[in-house]
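Report on the structure given below.
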Amino acid sequence: MKAIVTVIGKDQVGIIAGVCTKLAEYNVNVLEISQTVMQGYFTMMMVVDVEKCAQPFDELASALSKYGDERSLNVRVQRQDIFDAMHKI
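Each residue of the sequence shown is one higher than the one before, counting from -10 in my numbering.
Next comes the structure, spelled out in structure tokens:
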């Protein structure tokens, strides 16, 4: 199953490395990544494969959110099918 990870917050050193490290702890593979910095704000979207994640999806989501809170970032993950349905016209 694929999922979408979004990260938003003030730019700081190590955001990509930290999020990718947290994903690796859960055996989640990054398939695509897009990031930009606009006027000091960092934004990133990632398509990830959660097929080999041994923990429940809710646990992964909670861990990413907690990691984001610790770094003053908004880090969220959604299943791709739900993300797609929410953004359909």
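Glycine is no exception: its CB is placed at the ideal position from the N, C-alpha and C atoms.
Between V19 and D0, the gap from beta carbon to beta carbon reaches 8 Å or more.
Per DSSP, the unbroken beta strand (DSSP E) holding V(-4) starts and ends at K(-9) to K(-1).
For E48, the enclosing alpha helix (DSSP H) stretches over residues F46 to E59.
For E14, the enclosing alpha helix (DSSP H) starts and ends at I4 to E14. Ranked by how close their Cα comes to the Cα of Y15, the residues A52, M35, E21 and V36 have A52 in first place.
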